[in-house]
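First comes the structure, then the notes that go with it.
Residue numbers (the working numbering): 42 to 273.
Here you go:
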C-alpha cells in the first residue's frame, strides 16, 4: 500500500567537527566522506520515492548550518536538478548550548566550575534529554525536539495540501531524535539508545492521527553518555 505523504528525516552528512566539541552552531563544511554520504542518501530517497510512487517536493527544508545546507543541496541536485530549492529554517537547528557555543566539553565544564552560581553538570549531561546548561540561550534536548516536531507537523500538512508526496527535511541527529520522541515515533528508552546515520533517511508518515515509521533505519549508539552532537 502506498504510504501517502511522507517526510524523509535526514541527519546532515559527516563534517569537519573538532574533537570534543558539541556541534550546535559549528560552521564547518562536509568532509569528502560526507559528500559521498550525501550522494548515497539521495539514492536511498530516490529509490523509496520510486518504489512508493511518490513525487518529491521541490523545496527541501534545512537548518542554517553549512553541513545541513550542503547535504540538502547535494540531495536536491541529485534528485531534482535545477528545480530544487533549499529553504533554511531556525527551528531545524541542533540543540543550542547558548553562550558556550563552539567550546569543547572540557571548556564548558571548566567555565561552570569557575562560576560560583552553578552546580557541576551531571556526568551524562550531553545525552540527558531534560538537562539544560545554565547559560543564556541554552536548550534541553526536549526543547529542541519540540521545535523540530512542530516543523515536521507543518511540513506534513503542506504535503497534504499538495506541495509534494515526499518532503525532505535535513537537520541534526539529536534534535530530530527528540522530535521523534515528541511525535510518538520513539519511546524514551529508544531515544536514548539510538542515533542517526549520516545522510541516511528515516521515512515517517501520519495515519489516523498517529505518526509511524515507514522506512529507513535508526542507528544504535555506541555510548549512552554522548549525544549525536559529539563525534561518534
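Every residue gets a Cβ at the ideal spot worked out from N, C-alpha and C, and that includes glycine. As the structure is a prediction and not an experimental result, all values here were calculated from the model.
Collapsed DSSP secondary structure at residue i in the structure displayed
i: residue 98; result: coil
i: residue 148; result: helix
i: residue 82; result: helix
i: residue 207; result: strand
i: residue 220; result: helix
i: residue 179; result: strand
i: residue 226; result: coil
Boundaries of the alpha helix (DSSP H) in which residue i is found, first to last residue
i: residue 191; result: 182-199
i: residue 108; result: 107-121
i: residue 244; result: It is not in any alpha helix (DSSP H) - residue 244 instead sits in the beta strand (DSSP E) that spans 243-248.
Residue range of the beta strand (DSSP E) that includes residue i
i: residue 254; result: 251-257
i: residue 49; result: 47-52
Identity of the residues DSSP links to residue i by a beta bridge
i: residue 238; result: According to DSSP, residue 238 bridges with nothing at all.
i: residue 103; result: 129 and 211
i: residue 71; result: 56
i: residue 76; result: DSSP output for residue 76 lists no bridge partner at all.
i: residue 260; result: 236
Q.
Check whether the segment 77-85 and the segment 236-248 are in contact - that is, three or more C-beta pairs closer than 8 Å.
A. Taking 8 Å as the limit for Cβ pairs, the verdict is that the segment 236-248 does touch the segment 77-85.
Q | Any alpha helix (DSSP H) of 4 or more consecutive residues that is wholly inside the segment 125-173 | A | Listed in chain order, the complete alpha helix (DSSP H) runs (minimum 4 residues) inside the segment 125-173 are 146-155.
Q. Hey, is the segment 138-157 in contact with the segment 117-125, meaning 3+ C-beta pairs nearer than 8 Å?
A. Judged by Cβ distances under 8 Å, the segment 138-157 makes no contact with the segment 117-125, as fewer than three pairs qualify.
Q: Check whether the segment 224-231 touches the segment 56-63, taking contact to mean three or more Cβ pairs, one atom from each stretch, closer than 8 Å.
A: Segments in contact, no.
Q) Does the segment 98-111 come within contact of the segment 62-73, defined as at least 3 CB pairs closer than 8 Å? A) Counting Cβ pairs under 8 Å, three or more are found: they touch.
Q) Quick one: any contact between the segment 123-139 and the segment 174-188, if contact means 3 or more CB pairs under 8 Å? A) Yes, they touch.
(Q) Assess contact between the segment 155-163 and the segment 191-204, defined as three or more Cβ pairs (one per stretch) separated by less than 8 Å. Is contact present? (A) In short, these stretches do not touch, since the Cβ pair count stays below three.
Q: State whether the segment 90-102 contacts the segment 203-217, with contact taken as three or more CB pairs (one from each stretch) at a distance under 8 Å.
A: Counting Cβ pairs under 8 Å, three or more are found: they touch.
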